[in-house]
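S.K.: Residue numbers for the sequence shown, in my numbering: 12 to 139.
Virtual Cβ for every residue (Gly too), placed ideally from N, Cα, C.
Note that the structure is predicted; figures quoted are calculated from it, not measured.
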Amino acid sequence: MSESEDDVKQLLAGTNHAVVGVNRATGPPQLTVVWFLWDGETFRFSTTRSRAKYLNLKRDPSISLLIDDFEKNFYVVAYGRARLIEEGHDALARPLLEKYLPERTTDPQWTADRVIVELRPDRLITGR
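Here it is, written out as structure tokens:
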């Protein structure tokens, strides 16, 4: 990594959005903006089984994740393979609400088709 560890930790702890790239069966990659969590080893975000992102990840778990700090002209990109957590995800999803919508943590109202996507990056790069 070319940036300091503190720069990376600060960016990944903030409430920035991530752009997730997954492979479609045909055509260009699918890009989606998501909320994310980083615990120092693993990224997590949420999706539903009805979304194209979920279906694409079931078929091909290759994934890219970009987090950008426009004001500091700094970004982190993670590459790897996604792992889908389809059961017992409430405990993993709750920290997403605590980070982005703390006022909703007492009543998250998750839909039954919600899943958690985990990415333990094979490669993490930073840049300006």
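Decide if Glu16 is buried, meaning its Cβ has at least 16 other Cβ atoms within 10 Å, or exposed.
M.R.: Working through the sequence shown from its first residue, we reach residue 16 at position 5. It counts as exposed.
S.K.: Tell me the residue span of the alpha helix (DSSP H) that contains Leu107.
M.R.: Translated into the one-based positions of the sequence shown, residue 107 becomes position 96. Residues 101 to 111.
S.K.: Assuming Glu16 is part of the beta strand (DSSP E), what are its boundary residues?
M.R.: Along the sequence shown, read from residue 1 onward, the residue named residue 16 stands at position 5. No beta strand (DSSP E) holds Glu16; the alpha helix (DSSP H) holding it covers 16 to 24.
S.K.: Quick check on the DSSP output: the beta strand (DSSP E) that includes Ala93 runs from which residue to which?
M.R.: On the sequence shown, residue 93 is found 82 positions in, with the first residue counted as 1. Counting along the chain, the beta strand (DSSP E) containing Ala93 begins and ends at 85 to 96.
S.K.: Going along the chain, which residues of its own chain have a beta-carbon closer than 6 Å to the beta-carbon of Ile74, five neighbours each way excluded?
M.R.: Mapped onto the sequence shown, residue 74 falls at position 63. Cβ neighbours of Ile74 beyond the five flanking positions: Val33, Ala93, Leu130.
S.K.: Residues bridged to Asp80 by DSSP?
M.R.: Mapped onto the sequence shown, residue 80 falls at position 69. Answer is Phe85.
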